[in-house]
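Report on the structure given below.
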Amino acid sequence: MNGLAIRGLGKRYGGVLAASDVSFDVPEGSLTTLLGPSGCGKTTVLRLVAGLETPGNGSIHVGGRDITALAPEHRNVGLVFQSYALFPHLTVEQNILFSMQAASCSEAEARSRAQAALEMVGLAGLAHRRAPELSGGQQQRVALARALALAPAVLLLDEPLSNVDARLRRSLREEIRALQRRLRLTVVYVTHDQHEALAVSDQIVLMHEGRVVQCGSPEELYERPRTEFVAAFMGEAGVFDAVCTADRRVWLGPLEVAGNHAAQPGPVRVAVRPEAWRLGPATASGLAGSVLRHTYVGRAIEYILATPIGPVLAFSPHTAALDTGAPVSLSLGQHGVCVLRS
Amino acid sequence: MKAVNRAIAGWALAGIAAFLFLPWFTVADGLFSLAVPGALIADYETASGAWQVLLYRKPELLAVLAALLAGLLVARRDPSRAQAWLLIAAGFGGAFTVFLSGLGLATLPPTAAGAHLSFGWGATVVVAALLVQGSFGLARAGAFRGDLFTSAVAVISACVLLVFVAYPLARGLGAAFVDDAGGWRVSAGLARVANERVWSLACLSSGSPCGVAWNTLFLALLSAAGTTLMGTLLALAEFRSNWRLGKAVRLLTPLPFVTPPFVAGLALILVFGRSGFVNQLLELLFGISPSRWFYGLFGLWLAQMFAFAPVAYLIMRGVVQGMNPALEEVARTLRASPQYTYRRITLPLLAPGLANAFLVGFLESVSDFGNPIIVSGQYGVLSTEIFFAIVGAQFDQGRAAALAWILALLALAVFTLQRVLLGSRSYAVLDGTAHASAPLGLPSPWKHAVLVLAAPWLVFTVCLYAFAISAGFVEVWGRDYTPTLRHFSRAFEVTFSDGRWDLTGLAWHSLQITLKLAAIAAVLTATAGLLMAWLLERNRFVGRAAIELVALAAFAVPGTVLGLSYTLVFNTPPIELTGTGVIIVLCFMFRNLPVSVGMGSAALRQIDASLDEASRVLGASTAGTIRHVVVPLLRPAIASSFIYSFVRSMTTVSAVVFLVTAETELATTFIIGRAGQGEYGIAFAYSAALIVLMSVSVAAIQWLVGETRLVRATRPTHFAQAAQ
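Those protein sequences? They're chains A and B, same order as listed.
Add 1355 to the 1-based position in the first sequence for the numbering used here, that's all there is to it.
Add 106 to the 1-based position in the second sequence for the numbering used here, that's all there is to it.
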């Protein structure tokens, strides 16, 4: 198959298992995010794909070709570092020309490619500046252009937005995504921010302590997390004890959890996103509760409610706030409720 | 009296006490030989300031006393502008009066009574008190944000640097322009050095020697190039290869630091000299009779290579270690092979470090005295030429000073170039955050270079040190290799007689003096360095740059020049120090002060200034802040300053060669003297003892103070294999 295929990748540093049995596919022309908390092994996997580390076991295939034993300069894989790593003693243009000069391209071809790369990222006028003179966003674009100059088969991005101002993050991530779509690049994107991952990815690979925990589309990971860890990492989630009855229906207190689920009869755990709760007047049917605390955060009101199943965090878009102590009745919406496995 | 004026009163009292109870002039046999209190009154030469006024017709000193008393009076009042101006006038005015009386001393005809007297403890303490008083006045008038302590440190630093660095250098070098009649003419200076001995280029076309200036320049270029290359290869071997070679290199780093630089030259003579290994071997194998072919440019260059390559290594080590390894990694992902990466990324990023190492190597070569005096043969260089102009039959002060000008200008030009270069682009330095990246291991051609050049060099260095240490323990090197302790015991014999231990060995006298003076200088340097570093780093004031510059001048100027200036300038009243230990301590101190200040500054920059501010907000005074907050945090830097100053003072020779006398003989000059007379056995025995002693001292101080890390280590734990 084309694109990137990782099979059973493992890497040990001394006594620490940084990555273990990591397997996933990145279809050609799509963007897969490696997501996870610090130390989960996502950067290790990235460096293994780039060839900067040698795996203990497993294999890496690009475009159907096994590249596991190849040196980095022979892999046709581009990498953008978190710190950009622009060569400080070269100008922007010379940075971009570097890979073509290393690959012994003709000068004419190299220059035209460099020019195209600069235009692609919108920095055509900055060819003769040096890295320290550029802003963070500009440096990142130069790093991108440099990695893309020789049209690599796979592009690896290591936390591209972590050094960027919070306000710029949205526009930059959209630019990256637009670029990836336009050029039909095969991209592996590493981040620890689940919002970013949800926004840019075709596929998310969630890692924890060196292993792949769940792999799927953003919607799958958010709406149908397999474990508590996944549920909690992908967004706010309250996890409650529920019961699966003999007729394979799952009850969270008086509320039924709808949707397909493969639960066995017996106790189960259910994850509920705060936005899944619907707050109604106390007279309505549902789970009875009362307001413990409320906080206005602009786009919604956050409630902490006392209920028989435990304290519940709920977001409600109601403009009329409920007072502390007010009785409410809770019910579940269509999205954001999931029965966890294991 | 207000608490805020306590410091003012205290210093005024100290000055008055000195005026009353300390001898105004220097006492020939030392302070403790005085028969107190009689000597303070009765004898003109040893009388204190008070009695000078009352009995010996020095009424000008009354003004001094008045100034001190004014300070005391003012301390009883509230801080005010009037108080400020009174303190300034009294303090600086009083100091100026002492200065004038000193001028009077200087211009006395030699036959007048008391013409040989110079300022002693009494005068020194009184002047210090007056200057501090004036500085307090400055502070009260608004300078230094009203802080008394800072003002005092600044004023005293400035005066000390003026008197002991700027003045001697200016006047010492100025002697070049004094013609035979005693007048001052630029042409006199030029005439002294515009001759063939200095500037001839005959060696390019014929067999006659070139001028010493060209010799010095040529040698320095060769040495700088050679040491930089070797240092770089060694640094790369340590950090970019996984050979044991790397570890061996690290073990060698402290050795040249604790060894006097001329030991390299001496040890090379063991190998290449007339009676050395190589000559004997040549005679044995090819029948070539031993000659002195080694002495000259080649021998000198080789000696400087061994002496100074470790300095280049230390510089390059920091650069190689500090380079951002992510840059090499990203180059690999951009299709660059390891060789290509080294050529286009690694080497250019090392370039500023290479330039720095080159310039430092140049400076070391130009300032070197110990190796030329032993190995240079007919190849004259400026430092030895200056020496011969003073010592020996010539005694031509003017010529020595004129040659010193050339040397000083050469050194200062290179030094300025180095500072400018260092201040500008610093490429790709690690920012201290953890990096997953590992630096690139050496590609093949580089590995071969390291193997062919650096490994033999290392082996040869170890051999040289082994020879140097063992040469003190054989009968006669070159003829009779029977092991013996004769030389060692000649140097360090200790006999037990009349129930007492007697140090009868020849070396004890110089060793004791050197240890004493070096230790005193080290304590003074560490203290002064810390205070000055704090002053320059944490305060902004007019004249800050000037203080920095003058302090650096003492460091940039070759030791020969500073020593020469001291000996020319401080041998007449009112500051007559030649022949004493004091002048040697001062020379040590000012040579090493800039490095101490540099260590202190570097350490202070890593301590957030908000710590000082928090202390002040909580009520501590400036002095208290320094004592309780800054000093504990700066302990490693203080220890490093002490070690550096102590060891450099013990092993220096170029600066002190003019300042030693029979009474104040130093270890290094003793060794060179013996070597000059062909007594290599005792020279090497003493050198060996010195090396061991220095190594033990450094280790002991480091152990006492705790780990003193001179380099902040953020080393990657592995590196990427280059060949695949």
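Ideal Cβ placement from N, Cα and C applies to all residues, glycine included.
Note that the structure is a prediction, hence the values are computed from the model and not measured.
*Any idea what DSSP makes of W583 (chain B), helix, strand or coil?*
In the structure shown, W583 (chain B) sits in coil (DSSP, three-state: anything other than H, G, I, E or B).
*asked:* Give me the DSSP bridge partner(s) of K1366 (chain A).
replied: Per DSSP, A:A1374.
_Taking the straight line between their C-alpha atoms, what separation do you get for A1504 (chain A) and L1452 (chain A)?_
Looking at the two C-alpha atoms, the distance is approximately 8 Å.
*Short Cβ contact (9 Å threshold) for G1680 (chain A) with T1662 (chain A)*: No, the Cβ-Cβ distance between G1680 (chain A) and T1662 (chain A) is not below 9 Å.
*State yes or no: is the beta carbon of E1514 (chain A) nearer than 9 Å to at least one beta carbon in chain B?*
Any Cβ of chain B closer than 9 Å to the Cβ of E1514 (chain A) would place that residue at the interface, and such an atom is absent.
*To which residues of the same chain is S347 (chain B) closer than 6 Å at the C-beta, ignoring the five residues directly before and after it?*
The residues L548, in chain order, have a CB closer than 6 Å to that of S347 (chain B) in the same chain once the five nearest residues on each side in sequence are set aside.
*asked:* Distance cutoff 9 Å, beta carbons only. Does S1490 (chain A) sit that close to anything in chain B?
replied: No, because no Cβ of chain B sits closer than 9 Å to the Cβ of S1490 (chain A).
*S1671 (chain A) in three-state terms, based on DSSP*: The answer is strand: DSSP assigns S1671 (chain A) an E or B state.
*Would a C-beta distance cut-off of 9 Å place G317 (chain B) and L325 (chain B) closer than the cut-off?*
No.
*Compare the C-beta of F1588 (chain A) against all C-beta atoms of chain B and say whether one is closer than 9 Å.*
The beta carbon of F1588 (chain A) does not come within 9 Å of any beta carbon belonging to chain B, so the residue lies off that interface.
*Local Cβ density within 10 Å of D718 (chain B), reported as buried at 16 or more and exposed below that*: Taking all protein chains shown into account, D718 (chain B) has 16 or more neighbouring C-beta atoms within 10 Å of its C-beta and is therefore buried.
_beta strand (DSSP E) segment containing W607 (chain B), residue limits_ = For W607 (chain B), the uninterrupted beta strand (DSSP E) run begins and ends at R606 to L609, by DSSP.
*Should V436 (chain B) be flagged as near chain A, meaning a C-beta pair shorter than 9 Å?*
In terms of beta-carbon proximity, V436 (chain B) lines the interface with chain A, with at least one pair separated by less than 9 Å.
*asked:* Any beta carbon of chain A sitting closer than 9 Å to that of A432 (chain B)?
replied: So, interface residue.
*Between the region 1437 to 1466 of chain A and chain B, which residues of the former have a C-beta closer than 7 Å to a C-beta of the latter?*
So the list reads S1438, A1440, F1442, P1443, H1444, F1453, S1454, A1457 and A1458, given in the order they occur along the chain.
*Could you work out which residue in B:L460, B:W227, B:A805 and B:D502 is closest to F283 (chain B) when comparing CA atoms only?*
Sorting B:L460, B:W227, B:A805 and B:D502 by C-alpha distance to the C-alpha of F283 (chain B) places B:D502 at the top.
_Within 10 Å of its beta-carbon, does T767 (chain B) have 16 or more other beta-carbons around it, so buried, or fewer, so exposed?_
It counts as exposed.
*From A:L1407, A:V1652, A:L1499 and A:L1642, pick the residue whose C-alpha is nearest to that of A544 (chain B); which is it?*
Minimum Cα distance to A544 (chain B) is reached at A:L1407.
*Listed by chain order, chain A residues near T588 (chain B) by CB distance under 8 Å*: Under the 8 Å cutoff, chain A gives no residues; its nearest Cβ is about 54 Å from T588 (chain B).
*Is the beta carbon of M800 (chain B) less than 9 Å from the beta carbon of T365 (chain B)?*
The Cβ-Cβ distance between M800 (chain B) and T365 (chain B) falls below 9 Å.
_Closest to S1556 (chain A) by C-alpha separation, out of A:P1382, A:Q1470 and A:S1459, would be which residue?_
The residue with the shortest Cα to Cα distance from S1556 (chain A) is A:P1382.
*Could you tell me whether any Cβ in chain B is nearer than 9 Å to the Cβ of L1364 (chain A)?*
By this cut-off, L1364 (chain A) is not an interface position.
_Contact set for A540 (chain B): own chain, Cβ-Cβ below 6 Å, skip 5 residues either direction_ = Bear in mind that a pLDDT of 46 at A540 (chain B), under 50, signals an unreliable position, so the model cannot answer this.
*Quick one: does S550 (chain B) have its CB under 9 Å from some CB of chain A?*
Chain A, which has no Cβ nearer than 9 Å to the Cβ of S550 (chain B), makes this no.
_Given this structure, state the Cα-to-Cα distance separating L351 (chain B) from A413 (chain B), to the nearest angstrom._
Whole-angstrom Cα-Cα distance: 20 Å.
*Using a Cβ cut-off of 9 Å (strictly closer), state whether I1361 (chain A) contacts chain B.*
Not a single CB atom of chain B sits nearer than 9 Å to the CB of I1361 (chain A).
_Span separating the alpha-carbon of G605 (chain B) from that of V266 (chain B)_ = Answer to the nearest angstrom: the Cα atoms are 47 Å apart.
*To the nearest angstrom, report how far apart V426 (chain B) and A370 (chain B) are at their CA atoms.*
So the alpha carbons of these two residues sit roughly 27 Å apart.
*Taking C-alpha atoms, which residue in A:V1476, A:A1597 and A:P1515 lies nearest to V1497 (chain A)?*
Nearest option by C-alpha distance: A:V1476.
*Sequence-distant residues of its chain with Cβ nearer than 8 Å to S532 (chain B) (five each side left out)*: Unreliable positioning characterises S532 (chain B) in this predicted model, as indicated by a pLDDT of 48, which lies under 50. The coordinate reading is nonetheless provided below. Once the five neighbours on either side are set aside, the close Cβ partners of S532 (chain B) are P458.
*Smallest Cα separation from A247 (chain B): which of B:A409, B:L523 and B:L192?*
When B:A409, B:L523 and B:L192 are compared, the shortest CA-CA separation from A247 (chain B) is found for B:L192.
*With a cut-off of 9 Å, does the C-beta of V1623 (chain A) fall near any C-beta of chain B?*
No, no contact with chain B.
*Mind checking F1588 (chain A): buried by the 16 CB within 10 Å criterion, or exposed?*
By the Cβ neighbour-count rule, F1588 (chain A) is buried, with 16 or more other Cβ atoms within 10 Å of its own.
*Among B:H615, B:L668 and B:I690, which one has its Cα closest to the Cα of I626 (chain B)?*
Of B:H615, B:L668 and B:I690, the residue nearest in Cα terms is B:I690.
*asked:* I want to verify the contact list: residues of chain B whose CB lies under 8 Å from the CB of V1432 (chain A), in sequence order.
replied: T439, listed in chain order.
*Kindly indicate if chain A contains any beta-carbon less than 9 Å away from that of Y448 (chain B).*
Not closer than 9 Å to any Cβ of chain A, the Cβ of Y448 (chain B) fails to qualify, so no.
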